[in-house]
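Colleague: Numbering (the numbering used here), first residue to last: 1386 to 2003.
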Ligand SMILES: Cc1cc2nc3c(=O)[nH]c(=O)nc-3n(C[C@H](O)[C@H](O)[C@H](O)COP(=O)(O)OP(=O)(O)OC[C@H]3O[C@@H](n4cnc5c(N)ncnc54)[C@H](O)[C@@H]3O)c2cc1C
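1. The beta strand (DSSP E) spanning residue 1653 covers which residue range?
2. Going by the beta-carbon positions, is the gap between residue 1536 and residue 1503 smaller than 7 Å?
3. For residue 1855 and residue 1837, I'd like the C-alpha separation in whole angstroms.
4. Any heavy atom of ligand 1 closer than 6 Å to the beta-carbon of residue 1738?
5. Taking the alpha-carbon of residue 1750 as reference, which of 1919, 1889, 1686 has the nearest alpha-carbon?
6. Bridge partners for residue 1613 per DSSP, in chain order?
7. Return the Cβ separation of residue 1755 and residue 1427 in integer angstroms, given the expectation that the two are a contact with Cβ distance under 8 Å.
8. State the start and end residues of the unbroken alpha helix (DSSP H) segment that holds residue 1638.
9. Do the segment 1753-1768 and the segment 1418-1436 meet, that is, are 3 or more Cβ pairs less than 8 Å apart?
10. Which residues in the same chain as residue 1858 place their Cβ atom closer than 7 Å to its Cβ, once the five residues preceding and following it in sequence are excluded?
11. Ligand 1 heavy atoms versus the CB of residue 1775: any closer than 6 Å?
12. What whole-angstrom Cβ distance do residue 1818 and residue 1772 have, given they're in contact under 8 Å?
13. Give the secondary structure of residue 1535 by DSSP, where H, G and I count as helix, E and B as strand, and everything else as coil.
14. Should residue 1578 be counted as a contact of ligand 1 given a C-beta to heavy atom distance under 6 Å?
15. How close, in whole Å, do the beta carbons of residue 1726 and residue 1982 come, if the pair is a contact with beta carbons under 8 Å?
16. From residue 1618 to residue 1516, what does the alpha carbon distance come to, in whole angstroms?
17. Could you pull out every residue in the same chain whose Cβ sits closer than 7 Å to the Cβ of residue 1541, ignoring the five residues on either side in sequence?
18. For the 8 Å Cβ check, are there 3 or more pairs between the segment 1548-1563 and the segment 1579-1587?
19. Measure the CB-CB distance between residue 1524 and residue 1471 and report whether it falls below 7 Å.
20. Around the C-beta of residue 1497, are 16 or more other C-beta atoms found within 10 angstroms, so that it is buried, or is it exposed?
21. Compute the Euclidean distance between the alpha carbons of residue 1624 and residue 1673, then round it to the nearest angstrom.
22. Would you mind sorting residue 1396 into buried or exposed? The rule is 16 or more other CB atoms within 10 Å of its CB.
23. Examine the Cβ distances between the segment 1879-1891 and the segment 1925-1943 and report whether three or more of them are shorter than 8 Å.
24. Ordered along the chain, which non-local residues of its own chain (more than five positions away) have a Cβ less than 7 Å from that of residue 1691?
25. Can you tell me whether residue 1424 is buried or exposed, with buried defined as 16 or more other CB within 10 angstroms of its CB?
26. For the alpha helix (DSSP H) that residue 1646 lies in, which residues bound it at each end?
27. Is residue 1958 buried or exposed, if buried means 16 or more other CB atoms sit within 10 Å of its CB?
28. Cα-Cα, which of 1574, 1482, 1467, 1483 is closest to residue 1521?
29. Measuring straight from C-alpha to C-alpha, what distance separates residue 1435 and residue 1442?
30. Applying the criterion that 16 or more other CB atoms from any shown protein chain within 10 Å of the CB defines a buried residue, is residue 1671 buried or exposed?
31. Does at least one heavy atom of ligand 1 sit under 6 Å from the Cβ of residue 1647?
32. Taking all protein chains shown into account, do 16 or more other C-beta atoms lie within 10 angstroms of the C-beta of residue 1849, making it buried, or fewer, making it exposed?
33. Among residues of its own chain, excluding the 5 on either side of residue 1391, which ones have a beta-carbon nearer than 7 Å to its beta-carbon?
34. Throw me the rounded Cβ distance for the residue 1378 and residue 1748 pair, which I believe falls under 8 Å.
35. Let me know the alpha helix (DSSP H) ranges lying completely inside the segment 1665-1741, each 4 residues or longer, listed in chain order.
36. Would the segment 1696-1712 count as touching the segment 1471-1485 if we require 3 or more Cβ pairs under 8 Å?
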């Protein structure tokens, strides 16, 4: 098989065979997921990729939002069930996990089958699912998390996308009606970020695979559930559908630990000692391996994570407004103070941008895109905003009460931080984003040059060397000439709110210029680029912020609503500051504060603020 660009680049830069091969395996799995999509929906034709590299801005793709919600009445039934349990304070059972009776009621209402394709009941669209998750998370985030693990990265996606007919017939109905809740078991004590270090093995013995090894941090993994278990079979990672037995046995044990995050869900280590799985439970792929399956589900999981973050941030906002109205210091409610108003304005901006990314990415997925770059943006943005919202905005506003049991922050701080880590730690994803973006450009223009350099044993090429090898350099010189001589087609502004046009126009132009920046970084660091992780992560974040700005504005423009437009402006201000590294200007503070004031005022006037949850009233 041809080596991937990343592997070749690593080898050429003098990295060890082991490191190069590991990166090569990840890259190959990624290529294999790409191949599952029609060319027009692959990463190289995705909106972000085209905005960066093409000469025409893919304007209409940035306006791609599907707001149709045909299944909403049915979904609201699930919301009513959750609210019913919340009202009687029964969301959690005696073990502090989600109440089993609640899960049974949700199962009956079809909650676990939303993404499961059954002959008699097709799955709902992903854009409906993700919007619904935000509503659920606003009430209880772990219920949304459960649906996301089960439907996106658990057994549902592997079986519906890669399973054979027998596996689909045997498992999809049970996954849909909640008989089997599911999870995805990839991480091991020695393999987390590095998915190529897996040690768990499965060896065919008659009609069964015999599994040996240990998994760590597996959400939803508890006796009686169905796990997509990634293990090494014939020296490559593959996925076995493992029915965990009803109780622990000599062959299967749970490892319990005190994990603060996702405390309402089960999360355990799994130890397998000669654990037998029927051989027909192996998911066989024509191309690819277990990592291909993992990568496929992860994109859906990343959107869900952002949807969940949006719900949690709405919950934070819901808690801040009544408190800010109630709490008096120095003779005034803190809602009148600039610092607090600014926080409320900022938080509203984060929520709007997260909703925009969720709606956009989901619509792209529904229309057939792989969405690799776009889903990474949703994941990193949602998790970073949720962290900042929890610590800098919500916690600070609630003061000492934040640390009380029963407080939204005190009770959930680990829940709000954990998304930074699972489904890909943010900086690692920033690097993956960069790699996906430069891959084609690297293969086309830099790989041939790298080969010449490796052959000549030189780390840098002098003008004389370049002249000698001009044929190798010519295609890149032509690309540069085109980039610097021809201006690119600007983003279309029709459909955009007038207030937001200036932001979008600048951001779209900057985004179009990042192709040159990416290429300059490749030129500057050449074969050492892989080691320049900080620089990669920074440029990656800049591109992601530019995309987020544009998507927030196109999304906000769909509503024709003054408050939403103002919220988008505040989002844009904050994103521009993140990109430039500047503080808020006086004008930006004024906008954010005015928005915070308006949101608080409206919530109080419309009697939407709930004062019951304020702790230690005086
Ligand atoms: C609440 C929770 C739920 C989870 N649920 C699941 C689940 O259901 N299924 C599952 O399989 N896993 C699950 N995980 C595991 C999760 O996916 C891993 O924790 C995550 O992938 C990171 O792996 P790690 O913890 O081993 O970090 P490590 O691999 O130990 O890495 C630690 C840090 O080192 C840095 N780092 C690592 N490698 C590099 C590098 N090459 N270059 C630069 N920096 C690097 C990164 O910042 C990284 O975050 C869960 C984790 C948590 C906390």
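For each residue, glycine too, the CB sits at the ideal point set by N, CA and C. Treat the numbers as computed from the prediction; the structure is a model and nothing was measured.
Modeller: Straight from the coordinates:
1. 1652-1663
2. No, the pair does not count as a contact, with Cβ atoms beyond the cut-off.
3. 11 Å
4. Answer for residue 1738: no, Cβ out of range of ligand 1.
5. 1686
6. 1569, 1626
7. 6 Å
8. Annotation: residue 1638 is outside any alpha helix (DSSP H); the continuous beta strand (DSSP E) that includes it extends over 1637-1640.
9. yes
10. 1834, 1851
11. no
12. Not really, about 19 Å apart at Cβ, beyond 8 Å.
13. In the structure shown, residue 1535 sits in a helix (DSSP, three-state: H, G or I).
14. For ligand 1, at least one heavy atom lies less than 6 Å from the Cβ of residue 1578.
15. 5 Å
16. 38 Å
17. These residues qualify, in order along the chain: 1500, 1501, 1535, 1560, 1567.
18. When Cβ pairs closer than 8 Å are counted between the two stretches, the segment 1548-1563 is seen not to touch the segment 1579-1587, the count staying below three.
19. yes
20. buried
21. 11 Å
22. buried
23. yes
24. 1739, 1742, 1743, 1763, 1764, 1766, 1767
25. exposed
26. Segment: none, residue 1646 is in no alpha helix (DSSP H) and carries neither H nor E.
27. buried
28. 1467
29. 7 Å
30. exposed
31. Residue 1647: yes, Cβ under 6 Å from ligand 1.
32. exposed
33. So the list reads 1408, 1409, 1412, 1820, once near-sequence residues are dropped.
34. Within the shown structure, residues of the chain are numbered from 1386 to 2003, placing residue 1378 beyond reach of any answer.
35. Under the rule that a run must span 4 or more residues, the alpha helix (DSSP H) segments found entirely inside the segment 1665-1741 read 1675-1711.
36. no
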